[in-house]
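Protein chains in written order, with this note's numbering: chain A, 243 to 406; chain B, 243 to 406.
Backbone N, C-alpha and C define an ideal beta-carbon position, used for all residues, glycine too.
This structure is a prediction, so every number in the text was calculated from the model and none was measured.
There are 2 protein chains.
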Amino acid sequence: MGKQDLFITMALASWESNIKRTNAVFDSFTDEELQQPVAPGKNRIIYLLGHLAAEHDMLLPLLGLGEQQYAYLNGPFISSPDGTVKDLPSAKELRAAWTTANETLRKHFNALSTEEWFMKHTRVSEEDFAKEPHRNRLNVLLSRTNHVSYHLGQLILVKPGSKD
Amino acid sequence: MGKQDLFITMALASWESNIKRTNAVFDSFTDEELQQPVAPGKNRIIYLLGHLAAEHDMLLPLLGLGEQQYAYLNGPFISSPDGTVKDLPSAKELRAAWTTANETLRKHFNALSTEEWFMKHTRVSEEDFAKEPHRNRLNVLLSRTNHVSYHLGQLILVKPGSKD
């Protein structure tokens, strides 16, 4: 394995490890407990579940891998802050969207070659990408791994028995 | 720029971007405000400041780049949970340790060659590293970037005017 492949293996392992930890936290809550905010006046757990499901689902078009499967989540969980949308999808539906979005990504990610990881994502023009070659799919993966870790740090605050 | 160099640039940019955001959050608090917990009963901001300073300072020996500069922070901020150590260093001292630790790392990071980033870190044996070549310095950088992002997600909860 060359160093390029190794780096992609490392980036994917970091992504998967954060997904796994976040799954464990979501799974530790009952549907009713998902209504708790992560801190007083802050986002509810169910909002973060929908938010992460929507953000991960959006990676499909962002990375040029396909259409979103749950585009209807963008409105309530990306464009709107928590508490402003009256009827949110059920916990069951959001848990399924989060799981399916990650499974779909996993299938695509495992099929991408090193060359394909270094290709541009769809929000950068060919012209800008020529000047800024770091704006590639792999960079999106690194950035979204940090994003899930950021919210994991919040979710852990309401997990029973956890202090950090 | 080759792909190997490019992904090191990307990983370093991701690290620096998280450090910058975290600095901005710490700087937004007065010394008195650092005494607030990130959520009721959870770590105080000052504890996370000391924790991140100690963790980043520990990267020096972990990455084989030198001795720790602030090893006395390990006891109160890594081995001990918040609230169990009576006399913590002052806010001023912790802010300086956090800034200096990051500056020292930056100097070392910018001097490492691509080959050096793919060398083993000091907590893995030569034997294990031969079988697990991902246990290199670069992997530690990715993992510590997620770590700072995790705590940034918590700090943002107490930043005035922030909801996520």
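In chain order, ASN260, ILE261, THR264, LEU294 place their CB closer than 7 Å to the CB of B:VAL390, counting only its own chain and leaving out the 5 sequence neighbours on each side. Close to chain B, meaning a Cβ-Cβ distance shorter than 7 Å, are the following residues of the segment 383–405 of chain A: LEU384, SER385, THR387, ASN388, SER391, TYR392, HIS393, LEU394, GLY395, GLN396, LEU399, LYS405. By the Cβ rule, the segment 375–390 of chain A counts as touching the segment 246–259 of chain A, because three or more pairs are nearer than 8 Å.
In this structure, the CA atom of B:TRP359 is about 14 Å from the CA atom of A:ALA253. In the structure shown, A:ARG348 falls within a helical segment according to DSSP collapsed to helix, strand and coil.
For B:LYS362, DSSP records a beta bridge to B:ASN378.
Residue contact check for B:PHE271 against chain A: no CB pair falls below 8 Å. When DSSP states are grouped into helix, strand and coil, B:PRO323 belongs to the coil group. Annotation: B:SER367 is outside any alpha helix (DSSP H) and is labelled neither H nor E by DSSP.
Between B:SER270 and B:LYS401 the beta-carbon gap is near 6 Å, inside 8 Å, which marks them as a contact. At a cut-off of 8 Å, the C-beta of B:VAL366 has no neighbouring C-beta in chain A. Judged by DSSP in its simplified three-state form, B:PRO279 adopts strand. According to the DSSP assignment, B:THR251 belongs to the alpha helix (DSSP H) that extends over 245–269. By the Cβ rule, the segment 298–307 of chain B counts as touching the segment 335–344 of chain B, because three or more pairs are nearer than 8 Å.
The contact set of A:ALA339 on chain B, defined by CB atoms closer than 7 Å, is empty, because the minimum CB distance reaches about 20 Å.
In the DSSP assignment, B:ALA295 falls within the alpha helix (DSSP H) that extends over 287–304. Cβ neighbours of B:THR356 within its own chain (closer than 7 Å, five residues either side excluded): GLN246, ASP247, ILE250.
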